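Below is one structure, written out as structure tokens; comments come after it.
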Amino acid sequence: MNRFKVVVANPSVPKIAYDILQKHCDIKTSTVFSRASILQDVVGADALFWASKIRVDKELLDAAGPQLKVIGTMSVGYDQFDIDELKARGIKFGNTPAVLNNAVANIAVMLAIAASRRFTEGRKHIEEGTWINYFNTQWMLGQDLTGSTIGIIGLGQIGQAIAKRLKGFDVGNILYTGHKEKPEGIELGAKFVNLDNLIRESDFIFLAAPLNNQTYQMCNSDFFSKTKKTAVLVNISRGQLVDQEALITALKTGRLFAAGLDVMTPEPLNTDNELIKLNNVVLTPHVGSATNDTRNAMAELTAKNILRALGGAEMFTPVF
Ligand SMILES: O=C(O)C(=O)CO
93 MNRFKVVVAN PSVPKIAYDI LQKHCDIKTS TVFSRASILQ DVVGADALFW ASKIRVDKEL
153 LDAAGPQLKV IGTMSVGYDQ FDIDELKARG IKFGNTPAVL NNAVANIAVM LAIAASRRFT
213 EGRKHIEEGT WINYFNTQWM LGQDLTGSTI GIIGLGQIGQ AIAKRLKGFD VGNILYTGHK
273 EKPEGIELGA KFVNLDNLIR ESDFIFLAAP LNNQTYQMCN SDFFSKTKKT AVLVNISRGQ
333 LVDQEALITA LKTGRLFAAG LDVMTPEPLN TDNELIKLNN VVLTPHVGSA TNDTRNAMAE
393 LTAKNILRAL GGAEMFTPVF
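Numbering (our numbering) for the sequence shown: 93 to 412.
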């Protein structure tokens, strides 16, 4: 196999990726997270190892040059790529599904419980000395996961992993919506419903669909006008699935009980953002897949995908 030039567009990529790639590739690592700098780094690359929110579009692909034929993204989501441009140039493209299902599903369940049991508010009571010193049976009451109706928007691998976990909490019904009814839904005992029914009937709504033209800002004021007032929204997908102003209004006006968000807009969130001030919001800084094992597995899979494609074979997890 010839030696190839691979650009790793992030200096924090786990070592395992280098161990795999360097047998066959010369690696250039981008050390500056700016578009201007990455536009220079990619020049002449045969493959890109992407672990970045920087958009891969016509400008960046032109900067790389026509020899660029392989891109592996160390993520399951790939909304930062201009897919039509990649396809038009015959670039082989792969992502990292499956290996992050457990980590992301675990954080989804954590957010559901934390938001429904008023984690942020409780923590503030402790910090601010407002933890009342008598037994008020009505203080800090939350929503039960057990017996609740779960609505999963997007029953892909992560949505399924969430459903599996929730069954362990003895939830009531599991509803899901998406393009079509799925055999996996039947195996999970989940019911395929339309979006409207899911919104109206769910006690917990999990956003596990990818960001695309159909899902962009799907949770808007119309959406929140139909949710149960006791409902909890969990988002582990992308912040742009939610019209954040509409969400904030729903949370402030009691149209929604609480939200647990691993993703938001923008990322990083500005420190004066209203979401941070709300007691009924639990936030994590987009760390769904951030465990040692998961990030190593994502790095390994991305490196192997790239090598396979450079060698003319199909990637292990191709998008196309
Ligand atoms: O891999 C991704 O796309 C993620 O956002 C992981 O949380």
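For every residue, glycine included, the Cβ atom is placed at its ideal position computed from N, Cα and C.
What you are looking at is a predicted structure, and each value in this text was computed from that prediction instead of being measured.
C-alpha distance - residue i paired with residue j, whole-angstrom precision
| i | j | result |
| --- | --- | --- |
| L258 | E293 | 17 angstroms |
| Q172 | E220 | 41 angstroms |
| K179 | I205 | 41 angstroms |
| I119 | N187 | 19 angstroms |
| E151 | S240 | 48 angstroms |
| D176 | L353 | 30 angstroms |
| K161 | L280 | 39 angstroms |
| T229 | T212 | 19 angstroms |
| Q114 | R181 | 26 angstroms |
| P158 | D174 | 16 angstroms |
| V326 | R210 | 14 angstroms |
| N286 | V124 | 45 angstroms |
| T363 | Q336 | 15 angstroms |
| N225 | G214 | 14 angstroms |
| V355 | K344 | 19 angstroms |
| F284 | K272 | 8 angstroms |
Own chain partners of residue i with C-beta closer than 6 angstroms, once the 5 adjacent residues on each side are dropped
| i | result |
| --- | --- |
| L247 | Y268, G270, K274, G277 |
| S122 | A101, I130, D133 |
| I266 | I242, A255, A282 |
| R147 | Q172 |
| M407 | G186, N397, R400, A401 |
| W223 | H217 |
| N94 | none |
Sub-9 angstroms separation of residue i and residue j beta-carbons
| i | j | result |
| --- | --- | --- |
| A395 | I112 | yes |
| V334 | T319 | no |
| V374 | A350 | yes |
| L153 | V99 | no |
| S104 | A143 | yes |
| A200 | I254 | yes |
| L361 | S329 | no |
| K184 | A401 | yes |
| N305 | Q249 | no |
| F296 | A323 | yes |
| T165 | I245 | no |
| V411 | Y110 | no |
| S167 | S381 | yes |
| L237 | F261 | yes |
| G251 | A301 | yes |
| T383 | P189 | no |
Strand pairing of residue i, partner residues [DSSP]
| i | result |
| --- | --- |
| F96 | C117 |
| F110 | The amino acid occupying residue 110 in the given sequence is Tyr; Phe does not appear at that position. The partner list for Y110 (beta bridge, DSSP) is empty, contrary to what the question assumes. |
| T269 | I245 |
| K283 | L267 |
| P410 | G186 |
| F296 | I242, V324 |
| F141 | V100, G164 |
| A351 | L325, V373 |
| F173 | V148 |
| V334 | C311 |
8 angstroms Cβ shell around residue i - same chain, five flanking residues per side excluded
| i | result |
| --- | --- |
| F316 | A338, L339, T341, A342, R347, L348 |
| N198 | R257 |
| E359 | K145, G331, P377, H378 |
| I108 | N388, A391, E392, A395 |
| K321 | G346, R347, L348, F349 |
| D288 | K318 |
Own chain partners of residue i with C-beta closer than 7 angstroms, once the 5 adjacent residues on each side are dropped
| i | result |
| --- | --- |
| V191 | T386, A389, M390, L393 |
| P106 | R387, N388, A391 |
| A155 | L131, V134, V135 |
| F96 | H116, C117, D138, A139, L402 |
| G264 | G239, S240, T241 |
| D149 | D174, E177 |
Short CB-CB distance (under 9 angstroms) between residue i and chain D
| i | result |
| --- | --- |
| L237 | The structure shown contains no chain D; it is built from a single protein chain. |
Exercise. Touching or not, the region 229-237 and the region 309-320, by the rule of three or more beta carbon pairs under 8 angstroms?
Worked result: The region 309-320 and the region 229-237 do not touch, with fewer than three beta-carbon pairs separated by less than 8 angstroms.
For this session: Evaluate contact between the region 361-374 and the region 131-150, counting only Cβ atoms and requiring at least three cross-stretch pairs below 8 angstroms.
Result: No: the two stretches stay apart, fewer than three of their Cβ pairs being nearer than 8 angstroms.
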